[in-house]
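Start counting the sequence shown at 1; every next residue gets the next number (the working numbering).
By construction, the Cβ of each residue, glycine as well, lies at the ideal position given by its N, Cα and C atoms.
Treat the numbers as computed from the prediction; the structure is a model and nothing was measured.
Notes to accompany the following structure.
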Amino acid sequence: MKSIYVTSVERYSGKTATCLVLGKRLLADGRAVGYLKPLSLQPWRSEGHWADEDAGFVKQALDLEAEPWEMSPVVVTHDYLQAHLDDDAENDLLDKVRAAMQVAGKDKEVLILEGGGSLREGYAVGLPTPEVAVALDSAVLAVVKYRDEMRLLDDALTAQTRLGDLLRGVIINRVPADAADYVRQDAIPYLDRQGIAVLGALPEERGLEAISLGELLAVVGGEVLTTEHDPDALVETLTVGAMTSDVALSRFRKQARKAVITGGDRADIQLAALETSTVCLILTGNLQPSPLILKQAEESGVAVVLVPENTLETVEAVDAIFGKTRMAQAAKLEQFQALFDEHVDWVRLFKNFGL
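See below:
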């Protein structure tokens, strides 16, 4: 059985999406595929068990028989971490991971292992990605999210430094259009000279980073003041309305399908948002909007939610989920799969991983 350990230098780089696309491609090629996430810091309750929050969708997408909690043997909750710190938990978690790997890999040709959210995770419980990959004798694929010219190189070199010979290739994700020439002409040749195989560079697609209105409302909480809105509508951008109305209108016109966070007393900003492509208005400070705003929002199908927190606190809460590409929508997974097929060298990837 072959195993591929998919990891990333930082959180929200597209790691789970990469695992899913890789798994679906292997299944399409007629190979038996399994999946395991040795360490999860994203606990989710499933039928009385702790599992990784993405495990349910992975099970469905790859048509796996294993239960979600079987695919995530070590899930770190607050209580679990406290027991570990008090030396009242399992001592050798690697043995537990190895046992789970034997079950997940039974009768499989390829086992896809999903690493922690970043190469920094797991040390506190003895399960850092480099050590787990060595223990499981797994080759590693690193997903590197483009942030800027310098950090792209540093992140790829960091993966090489920490993983050494285990690293068989990297995929660069979320490359903005204005950085495409730099990545293709400068970054990839440089990394190749450093011995890092760049297997593909995926362009940035705002739709893949979108979250549903329902997910957004669940995060911000508060009181929803309107009824005429679609919880499945996708929110692609987040903006803060803390400027003059003229500046706001100019900026808002450039942002499609957005959520606007502003004070409940900023009727000028709220009206500017309603005149443009807006999915949700998040009004902070528990300040009620005017009836005119609510009437226009209802007519436009824009959700208006009132939250007690201030603008900064609300932005931090929403920003934490906006960075993550959620694949729990089939259309998103198909779009990501199409990007992979167009921009990743599958032949080289399979060769580097002995497939």
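Going by DSSP, what residues sit across from C19 in a beta bridge? Partner(s): none; C19 has no beta bridge.
Are V74 and L39 touching if we call contact CB-CB under 7 Å? For V74 and L39, yes; Cβs fall inside 7 Å.
Where V224 and A66 are concerned, what is the direct C-alpha to C-alpha distance, given to the nearest angstrom? When only Cα atoms are considered, V224 and A66 end up about 38 Å apart.
Measuring CA to CA, which of G126, D265, Y182, K108 is closest to G30? Sorting G126, D265, Y182, K108 by C-alpha distance to the C-alpha of G30 places K108 at the top.
Let me check understanding here. Comparing Cα to Cα, which of C19, W69, V183 lies closest to L111? With distances taken between CA atoms, L111 lies nearest to C19 out of C19, W69, V183.
Spatial neighbours of T239 in its chain, beta-carbon cut-off 8 Å, leaving aside the 5 residues before and after: Exclusion of the five residues before and after T239 leaves R251, F252, Q255, K258, A259, V260, I261 as the residues of its chain whose Cβ lies within less than 8 Å of its Cβ.
Any idea if V347 is buried or exposed, counting beta-carbon neighbours within 10 angstroms, 16 or more meaning buried? V347 is exposed by the Cβ-count criterion.
Looking only at its own chain, which residues have a Cβ that is under 8 Å from the Cβ of L234, when we skip the five neighbours before and after it? Excluding positions up to five away in sequence, the list reads G207, A210, I211, S212, L213, R257, V279.
Can you give the beta carbon distance from P308 to G241, rounded, assuming they're within the 8 Å contact cut? Under the criterion of beta carbons closer than 8 Å, P308 and G241 do not qualify as touching, at roughly 18 Å.
With distances taken from CA atoms, which of L152, Q194, L157 is nearest Y182? Nearest option by C-alpha distance: L152.
Boundaries of the beta strand (DSSP E) in which T262 is found, first to last residue: T262 -> beta strand (DSSP E) spans 258–263.
Should the region 4–21 be regarded as contacting the region 169–189, the criterion being three or more beta carbon pairs within less than 8 Å? A contact between stretches requires three or more CB pairs, one per stretch, nearer than 8 Å, and the region 4–21 meets this requirement with the region 169–189.
Output the distance between the C-alpha atoms of A273 and A156, rounded to the nearest integer angstrom. Taking C-alpha positions only, A273 is separated from A156 by approximately 39 Å.
What's the call for H78, buried or exposed, on a 16-neighbour Cβ count within 10 Å? Classification of H78: exposed, given that the 10 Å Cβ count is below 16.
Count the C-beta pairs between the region 194–205 and the region 331–350 that are closer than 8 Å, then say yes if the count reaches three, no if not. Cβ pair count under 8 Å is three or more, so yes.
In chain order, what are the residue ranges of uninterrupted alpha helix (DSSP H) at least 4 long that sit wholly in the region 150–230? The region 150–230 contains these whole alpha helix (DSSP H) runs: 188–193, 206–209, 213–220.
Starting from the Cα of K295, find the closest Cα among M1, H229, E70 and give me that residue. Ranked by Cα distance from K295, the first of M1, H229, E70 is H229.
Whole-Å CB distance - G356 paired with K2, under 8 Å assumed: There is no way to answer for residue 356, as the model of the chain reaches only from 1 to 355.
Would you list the one or two residues that DSSP bridges to P43? Beta-bridge partners assigned by DSSP to P43: D52.
Could you tell me the alpha carbon to alpha carbon distance between D52 and Q42, rounded to whole angstroms? Our two residues, D52 and Q42, have alpha carbons roughly 6 Å apart in a direct line.
Which first and last residues belong to the alpha helix (DSSP H) in which M81 is found? The question names Met, but residue 81 is Leu in the sequence shown. Here the alpha helix (DSSP H) through L81 covers 78–85.
Let me check understanding here. Comparing Cα to Cα, which of L349, L283, Q335 lies closest to V315? Among L349, L283, Q335, the Cα nearest to that of V315 belongs to L283.
Distance, L249 Cα to Y35 Cα: Between the alpha carbons of Y35 and L249 lies a gap of roughly 47 Å.
Can you check DSSP and say which residues form a bridge with G34? According to DSSP, G34 bridges with L111.
With distances taken Cα to Cα, identify the nearest neighbour of W50 among R266, V76, G169. Sorting R266, V76, G169 by C-alpha distance to the C-alpha of W50 places V76 at the top.
Between S72, V125, E70, G105, which lies nearest to A83 when the distance is taken from Cα to Cα? Shortest Cα-Cα distance from A83 to any of S72, V125, E70, G105 involves V125.
Per DSSP, which residues does S3 bridge with? Please list them. According to DSSP, S3 bridges with L111.
Output the distance between the C-alpha atoms of G115 and G48, rounded to the nearest integer angstrom. So the alpha carbons of these two residues sit roughly 24 Å apart.
So what's T325 in DSSP terms, helix, strand or just coil? Interpretation of T325 is limited by its pLDDT of 48, a score under 50 that renders its predicted location unreliable; the figure taken from the coordinates is listed afterwards. Reduced to three states, the DSSP call for T325 is coil.
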